[in-house]
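Novice: Quick one: the structure is below, and I'll ask about it shortly.
Residue numbers (the working numbering): -19 to 376.
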């Protein structure tokens, strides 16, 4: 095996992880990192790991608690962190709200939100795309679906960012304060939802939160702590990834003017374009599993209880699966990317994220013919798990 240097928190890696992924894939595709986890970078291995029921999710909460030295509030209780049968039960409670048919019905509302944001930005001839556009779209949509007051978004924005940053807590040295802020944010958001749930119990509404409370009150479908964890998951996951899809996707198009021109000339290409943007520079770079028994992946034995990280971002640039993988091609055929995962944990919100991305990016590039980057070196959020920009100033 090759000796590939891989520091997951190196600023150069955060800015552009893809050269490192290529080196790992070629020289050490099942890589054991000195930090104590396994890294999978080949499409074949990542897909196999995501589909293998022996590579489980539930043990992750215990693994993290051992590293943090204390249980993490609401972690391990949402469908994201559970295996069947609990995963099946929890997913079933919310899946009907995210079906393609239901989400398609949100298209007019999403279009109205997008148009309103661009109306507000247009007179200035410039905007900070993440803060002024990419963030408000999915936050507004998921708040309205869940039943969270949209005006509270400033309260939970910082909590959400700290929780997302804490996803890399296992990789961070003690003393950075990031672990502590992540824990505090989870406590704060849990407290926020406890108050909101109490109000909704007293006065139910036609929203997802009220539906979940009704399921919890009906008996054994949902415990109070599972209700809390599910609300936190829907709120955080319901906007974090889409913000990054819109930001990363817009940047990729502006850096590939030929593809941007093709999209403008034929707006009907937007659905395929979003799929390619998800593959090319996806919002989620890795996930995690822990084997319930010894497993062999790519010829290497991974022991029971060890942390395995399938790198989705690496799989989606694998030349064994994608022809010319480092080239953006909005008409790419047979684009079986894994940006939304695979198997039983395939992203429940994928239909919503797709439509939000299509409307946001499609409307933006159609409306502003002179859309341009203000800086050639935008800054990325320091995260191994979520790939997204801190800021993306643009002019038009």
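Glycine included, C-beta positions come from ideal geometry on N, C-alpha and C. Remember, predicted model here, so these are calculated numbers, not experimental data.
1) Using CA coordinates, which residue listed in 109, 98, 32 is at the minimum distance from residue 225?
2) Would residue 282 and residue 18 be called neighbours here (beta carbons separated by less than 8 Å)?
3) Would you grab the beta carbon distance between residue 60 and residue 289 for me? Rounded to a whole angstrom, and I think it's under 8 Å.
4) Which one of 239, 137, 11 has the shortest CA to CA distance from residue 307?
5) Could you name the residues that DSSP lists as bridge partners for residue 139?
6) Within 10 angstroms of its Cβ, does residue 68 collect 16 or more other Cβ (buried), or is it exposed?
7) Okay, do the stretch 247 to 256 and the stretch 329 to 344 touch, 3+ Cβ pairs below 8 Å being the bar?
8) In whole angstroms, give me the CA-to-CA distance for residue 191 and residue 167.
9) In or out: residue -15 buried (at least 16 other Cβ within 10 Å) or exposed?
10) Nearest to residue 360 by CA position, among 369, 135, 352, is which residue?
11) Going by DSSP, what residue range makes up the alpha helix (DSSP H) through residue 82?
12) Relative to the alpha-carbon of residue 177, which residue among 331, 197, 158 has its alpha-carbon at the smallest distance?
13) How far does the beta strand (DSSP E) with residue 280 in it extend, from its first residue to its last?
14) Between the C-alpha atoms of residue 204 and residue 132, what's the straight-line distance to the nearest angstrom?
15) Considering residue 116, what are the terminal residues of the alpha helix (DSSP H) in which it resides?
16) If you reduce the DSSP assignment to three classes, tell me which class residue 372 lands in.
Specialist: Quick answer:
1) The residue given as residue 225 occupies position 245 in the chain shown. Its Cα nearest to that of residue 225, the residue 109 stands out among 109, 98, 32.
2) Translated into positions along the chain shown, residue 282 becomes position 302. Translated into positions along the chain shown, residue 18 becomes position 38. In this structure, residue 18 lies closer than 8 Å to residue 282 by Cβ.
3) As a first step, residue 60 must be located in the chain shown, where it is residue number 80. As a first step, residue 289 must be located in the chain shown, where it is residue number 309. Not a contact, Cβ separation roughly 15 Å.
4) The sequence position of residue 307 within the chain shown is 327, counting from 1. For residue 307, the nearest C-alpha among the options comes from 239.
5) One-based indexing of the chain shown puts residue 139 at position 159. None; residue 139 has no bridge partner.
6) Taking the first residue of the chain shown as position 1, residue 68 is located at position 88. Classification for residue 68: exposed.
7) Yes: the two stretches touch, three or more of their Cβ pairs being nearer than 8 Å.
8) As a first step, residue 191 must be located in the chain shown, where it is residue number 211. As a first step, residue 167 must be located in the chain shown, where it is residue number 187. Near 23 Å, if we compare the C-alpha coordinates of residue 167 and residue 191.
9) In the chain shown, residue -15 corresponds to position 5, counting from 1. Note on residue -15: under 16 other CB atoms within 10 angstroms of its CB, so exposed under the neighbour-count rule.
10) Within the chain shown, numbered from 1, the residue matching residue 360 stands at position 380. With distances taken between CA atoms, residue 360 lies nearest to 369 out of 369, 135, 352.
11) Against the chain shown, residue 82 aligns to sequence position 102. Secondary structure note for residue 82: its alpha helix (DSSP H) is the uninterrupted segment 80 to 84.
12) Reading the chain shown from its first residue, position 197 is the one you call residue 177. Residue 177 has its Cα closest to that of 197, out of 331, 197, 158.
13) Residue mapping note: residue 280 aligns to position 300 of the chain shown, counting from 1. Its beta strand (DSSP E) spans residues 280 to 282.
14) Here residue 204 refers to the residue found at position 224 when the chain shown is read from its first residue. Here residue 132 refers to the residue found at position 152 when the chain shown is read from its first residue. Their backbone Cα atoms lie some 22 Å apart in a straight line.
15) As a first step, residue 116 is located in the chain shown; it is residue number 136 there, counting from the start. In this chain, the alpha helix (DSSP H) harbouring residue 116 covers 116 to 126.
16) Taking the first residue of the chain shown as 1, we reach residue 372 at position 392. Three-state DSSP puts residue 372 in coil, outside helix and strand.
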